[in-house]
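Engineer: Let me begin by handing over the structure; questions about it come next.
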Amino acid sequence: MDIATLAFSALYQFGDAFAFLVLSACGLAVIFGMMGVINLAHGEFIMCGAYVTAATVHAGLPLPLGILCGTLASAFVGVLVELLVIRHLYERPLDTIVATWGLSLIATQGTLILVGSTMAGVGTPFGSFQVGAYSYSIYRIVLFAAALGVLGALYALFNWTRFGVLARATIQVPHMAAALGVDTRLIYSLTFACGAGLAGLAGGLYAPTMTLVPTMGATFIMEAFVTVVIGGADVFLGTAPAGGILAIVKSGMTSWQGQLFGQIGLLIAVIIVVRVLPKGISGFVLRERT
Amino acid sequence: MTRSVLRGLRAAALTGTLVFASGAYAAENPIKLGVLEDQSGDFAAATIGKVHAIQLAAEEINKAGGIMGRPLELVTYDTQSDNTRYQEFMRRVLQRDKVDAVFAGFSSASREAYRPIVDQFNGFAFYNNQYEGGVCDGHMVVTGAVPEQQFSTLIPYMMQTYGKKVYTLAADYNFGQISAEWVRKIVKENGGEMAGEEFIPLGVSQFSQSIQNIQKAKPDFVVTLLVGTAQASYYEQAASANVNLPMASSVNVGQGYEHKRFKPPSLKDMYVTTNYIEEIDSPKSKEFYAKFKAKFPNEPYVNQEAENSYLALYLYKQMVERAKSTNRDEIRKVIAMGDVCMDAPEGKVCIDPKSQHMSHTIYLAKVGADHSISFPKVWEDIKPYWLGDAGCDLTKKDPMAQYTPSNPPPKP
Numbered sequence: 001m002d003i004a005t006l007a008f009s010a011l012y013q014f015g016d017a018f019a020f021l022v023l024s025a026c027g028l029a030v031i032f033g034m035m036g037v038i039n040l041a042h043g044e045f046i047m048c049g050a051y052v053t054a055a056t057v058h059a060g061l062p063l064p065l066g067i068l069c070g071t072l073a074s075a076f077v078g079v080l081v082e083l084l085v086i087r088h089l090y091e092r093p094l095d096t097i098v099a100t101w102g103l104s105l106i107a108t109q110g111t112l113i114l115v116g117s118t119m120a121g122v123g124t125p126f127g128s129f130q131v132g133a134y135s136y137s138i139y140r141i142v143l144f145a146a147a148l149g150v151l152g153a154l155y156a157l158f159n160w161t162r163f164g165v166l167a168r169a170t171i172q173v174p175h176m177a178a179a180l181g182v183d184t185r186l187i188y189s190l191t192f193a194c195g196a197g198l199a200g201l202a203g204g205l206y207a208p209t210m211t212l213v214p215t216m217g218a219t220f221i222m223e224a225f226v227t228v229v230i231g232g233a234d235v236f237l238g239t240a241p242a243g244g245i246l247a248i249v250k251s252g253m254t255s256w257q258g259q260l261f262g263q264i265g266l267l268i269a270v271i272i273v274v275r276v277l278p279k280g281i282s283g284f285v286l287r288e289r290t
Numbered sequence: 001m002t003r004s005v006l007r008g009l010r011a012a013a014l015t016g017t018l019v020f021a022s023g024a025y026a027a028e029n030p031i032k033l034g035v036l037e038d039q040s041g042d043f044a045a046a047t048i049g050k051v052h053a054i055q056l057a058a059e060e061i062n063k064a065g066g067i068m069g070r071p072l073e074l075v076t077y078d079t080q081s082d083n084t085r086y087q088e089f090m091r092r093v094l095q096r097d098k099v100d101a102v103f104a105g106f107s108s109a110s111r112e113a114y115r116p117i118v119d120q121f122n123g124f125a126f127y128n129n130q131y132e133g134g135v136c137d138g139h140m141v142v143t144g145a146v147p148e149q150q151f152s153t154l155i156p157y158m159m160q161t162y163g164k165k166v167y168t169l170a171a172d173y174n175f176g177q178i179s180a181e182w183v184r185k186i187v188k189e190n191g192g193e194m195a196g197e198e199f200i201p202l203g204v205s206q207f208s209q210s211i212q213n214i215q216k217a218k219p220d221f222v223v224t225l226l227v228g229t230a231q232a233s234y235y236e237q238a239a240s241a242n243v244n245l246p247m248a249s250s251v252n253v254g255q256g257y258e259h260k261r262f263k264p265p266s267l268k269d270m271y272v273t274t275n276y277i278e279e280i281d282s283p284k285s286k287e288f289y290a291k292f293k294a295k296f297p298n299e300p301y302v303n304q305e306a307e308n309s310y311l312a313l314y315l316y317k318q319m320v321e322r323a324k325s326t327n328r329d330e331i332r333k334v335i336a337m338g339d340v341c342m343d344a345p346e347g348k349v350c351i352d353p354k355s356q357h358m359s360h361t362i363y364l365a366k367v368g369a370d371h372s373i374s375f376p377k378v379w380e381d382i383k384p385y386w387l388g389d390a391g392c393d394l395t396k397k398d399p400m401a402q403y404t405p406s407n408p409p410p411k412p
């Protein structure tokens, strides 16, 4: 009985860490992992999703619809950003760092000026359940399920749909794709919007559990980059296993020595992986296959 | 004429200076006050009110004729919740803007970042924030509350009401560490025991593991010393996991108005000792609140730090008028007399000459299930006695140092 309780608690902590890592990272995995755009404004897309979700819930929409609005709003902002800024920088990946960093500063400060320093929260739905001596939030299980769902949906999108094939072709050999009649500009726009939308989804999903402030994106960004760097370019073969490994590292270190060691564990993991597998987990897996 | 206007505009554009001097005083030599507060970044929610409070007090003082006929001019910089910005702007206000006094700082990390610069350039700074206590520095006046005011009242009350097993969840930097040391000390002195203690790095927003640790330790109540907006996510997450333990804090509600930001009942049974919050139902408090809201109708909450900042400027006015000078050494002679007092919105406050900290009325605020505030207890005129009793005496010696219970000042 006691062992079952302990096992469940370890599993729950793992799932919680996994959901946070994967949901933080999936948008970045598309934009940075696949497209090579180093998107330092990723946290601000998350913030945008969270703010729109909270605003629409305050306006009376139910939470799932609010999250959908947050996702769509972020995707729409993603399209605008791609058209106005990113599109001109595909040949200069390092410059995307400066451009997106600037965007992130503008977004946080702009939100501060327009909306103020905080926004009222929406409250976490579903309540709690009891296992042994511990009670747990049900919503955290929903987050875990959402992380799995997002990974599944991305796999389906990039492997089973026409858009997925065109996107992968465009990203691997853009001029060949263009020569074969693919509208690569449109594909780039849509892929970027997809990444931004995923960031917005993460923001919307976490909005009920967090303080809504203009700088909230910053709390996701370290986890997101660590996961994508360890995972490598492929969303499904990279982000998912990276999320799993890092969740074990993070939840294990956190329960052993506290939050600080959880963060240290992530950073040590990234150092080791980058040293041993410079192209991340997916690079390793794909090389073995071919 | 046009040239001087242009120069003024340029100076304002360059420095972001907020000039409150109206035309009538423009010819006078203004008293310049530096205001370094976090108007953006992780701490902005709690600190924007501090800037507004100083603007309100400066406007009132200027309308009433300034200090000794001299208008107040505020030189305001946004320190962006960033310690290096504090150092940069502190140098700038002291060296280039040549201000007479500075009102600066929210987090203890930022205060300790700028304090050596104030000492080095011989400045005069007001720290208008509650904090972990122990700064014995003649260049500083502290108007915020300290542990002997907030914990010596709160922790025994909680132990009597709920039980003697205490769990501390604190931010992992000097404020959280030293405050946790105070909690430990007071719990032990009152015959209680620590069920656990956990330190959270700033910026952490996910608390599932901490929530489980707390449930495992089964404390009678949790002392939350969480700082910044990210860490405030704890309340929502603990509530949704149904932790359901009473909480005690020296920082929440009074600074970050978490009871307004989070959906009820996530802050149910939170107890906070604060020297001011907007719910305090006294004529003085209501008058202050009304003035504040009239000038800043969009202010989300008038918090403890806003009141501390407001009264700090009035205390400064009194000190300058009595010293007949803005010179710090002359002002400190006035403080040394031990009767620098005022009727603040919270009640009567006085500056303690030994530590240059302030006495306070401490209100015990309790958050109800619907997030309404009640005040089960009020302690009047609690002195900041610890530093003075431990051996800090700024009227005789200025060590310019911070002390803790485990590292007290050397006895004279």
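Residue numbers (UniProt numbering), protein chains in the order written: chain H, 1 to 290; chain D, 1 to 412. The C-beta atom is built at its ideal place from N, Cα and C for all residues, glycine as well.
(1) Could you check whether the stretch 106-121 of chain D touches the stretch 377-397 of chain D, counting it as contact only if at least three pairs of C-beta atoms, one from each stretch, sit closer than 8 Å?
(2) Please state whether the Cβ-Cβ distance between G254 of chain D and V227 of chain D is less than 8 Å.
(3) Taking the alpha helix (DSSP H) that S152 of chain D falls in, what are its first and last residues?
(4) Assuming S240 of chain D and T124 of chain H make a contact with CB atoms under 8 Å, what is their CB distance in whole Å?
(5) Cα separation between L229 of chain H and C194 of chain H?
(6) Does the beta carbon of P408 of chain D come closer than 8 Å to any beta carbon on chain H?
(7) For a minimum of 3 consecutive residues, which ranges assigned as the beta strand (DSSP E) are wholly contained in the stretch 58-103 of chain D?
(8) Which chain H residues are close to E236 of chain D, counting only those with a beta carbon under 9 Å from its beta carbon?
(9) Which ranges does the beta strand (DSSP E) cover as unbroken runs of at least 3 residues, wholly within the stretch 15-49 of chain H, from first to last along the chain?
(10) Leaving aside the five residues before and after F20 of chain D along the sequence, list all residues of the same chain whose C-beta is less than 8 Å from its C-beta, in chain order.
(11) Rank D:E189, D:K348 and D:G134 by C-alpha distance to the C-alpha of V359 of chain D and give the top, closest one.
(12) Quick one: does D42 of chain D have its CB under 8 Å from some CB of chain H?
(13) For S323 of chain D, which residues in the same chain have their Cβ closer than 8 Å to its Cβ, ignoring the five residues on either side in sequence?
(14) Going along the chain, which residues of the stretch 246-278 of chain D sit with their C-beta nearer than 9 Å to a C-beta in chain H?
(15) Beta carbon of K377 of chain D, beta carbon of G391 of chain D: below 8 Å?
(16) Pull the bridge partners of F43 of chain D from the DSSP assignment, please.
(17) Taking its Cβ as the centre, do 16 or more other Cβ atoms sit within 10 Å of P208 of chain H, making it buried, or is it exposed?
(18) Between L267 of chain H and chain D, is the shortest Cβ-Cβ distance under 8 Å, so that the two count as touching?
(19) For A24 of chain D, collect the residues of the same chain with a Cβ closer than 7 Å to its Cβ; drop the 5 residues on either side in sequence, then sort them by chain order.
(20) Measuring alpha carbon to alpha carbon, tell me which of H:G66, H:I67, H:L40 and H:L21 ends up nearest L106 of chain H.
(21) With 16 as the cutoff for other CB atoms within 10 Å, does T5 of chain H come out buried or exposed?
(22) Taking buried to mean at least 16 other C-beta atoms within 10 Å of its own C-beta, is L180 of chain H buried or exposed?
(23) For a contact defined as C-beta to C-beta under 8 Å, what are the partners of Q215 of chain D on chain H?
(24) Where does residue 423 of chain D fall in DSSP's three states?
(25) Following the continuous alpha helix (DSSP H) through I351 of chain D, name the residue where it begins and the one where it ends.
(26) Out of H:A147, H:L63, H:Q109 and H:Y139, which one is the CA nearest neighbour of S40 of chain D?
(27) Should N159 of chain H be labelled buried (16 or more other beta-carbon atoms within 10 Å of its own) or exposed?
(28) Assign V222 of chain D to buried or exposed, taking buried as 16 or more other Cβ atoms, counted over all protein chains shown, within 10 Å of its Cβ.
(29) Would you mind telling me which residues of chain D sit closer than 9 Å to T239 of chain H, beta carbon to beta carbon, in chain order?
(30) From the DSSP output, which residues share a beta bridge with H360 of chain D?
(31) Nearest to T235 of chain H by CA position, among H:L151, H:G70 and H:F14, is which residue?
Structural biologist: With the structure as the only source:
(1) no
(2) no
(3) P147 to Y162
(4) 4 Å
(5) Contrary to the premise, residue 229 of chain H reads as Val rather than Leu in this sequence. Using only the alpha carbons, I get a separation of about 19 Å.
(6) no
(7) 72-78
(8) G121, G123, T124, P208, T209, M210 and T211
(9) none
(10) Note on F20 of chain D: pLDDT 45, under 50, position unreliable in the model; the coordinate value appears next. Answer for F20 of chain D: Q55, A58, E59, N62, P71, L72, E73 and L74, listed in chain order.
(11) One detail in the question is off: residue 359 of chain D reads as Ser in this sequence, not Val. If we check each option's Cα against that of S359 of chain D, D:K348 comes out closest.
(12) yes
(13) Per the sequence shown, residue 323 of chain D should be read as Ala rather than Ser. Closer than 8 Å at the Cβ level, and outside the excluded window around A323 of chain D, lie E330, I331, K333 and V334.
(14) G256, Y257, E258, K260, R261, F262, K263, P264 and S266
(15) no
(16) According to DSSP, which records beta bridges pairwise, F43 of chain D is partnered with nothing at all.
(17) buried
(18) no
(19) Here the model assigns A24 of chain D a pLDDT of 45, short of 50, so the residue's position is not dependable, and the following value carries that caveat. Cβ neighbours of A24 of chain D beyond the five flanking positions: none.
(20) The question names Leu, but residue 106 of chain H in the sequence shown is Ile. It is H:L40.
(21) exposed
(22) exposed
(23) A133, Y134 and S135
(24) Residue 423 of chain D lies beyond the residue range present for chain D, which begins at 1 and ends at 412; the question has no answer from this structure.
(25) Run containing I351 of chain D: none; DSSP gives neither H nor E here.
(26) H:Q109
(27) exposed
(28) buried
(29) Simply none; closest approach about 18 Å.
(30) D:I382
(31) With the sequence shown as reference, residue 235 of chain H is identified as Val, and Thr is not the correct amino acid for it. When each option's Cα is compared against that of V235 of chain H, the closest is H:L151.
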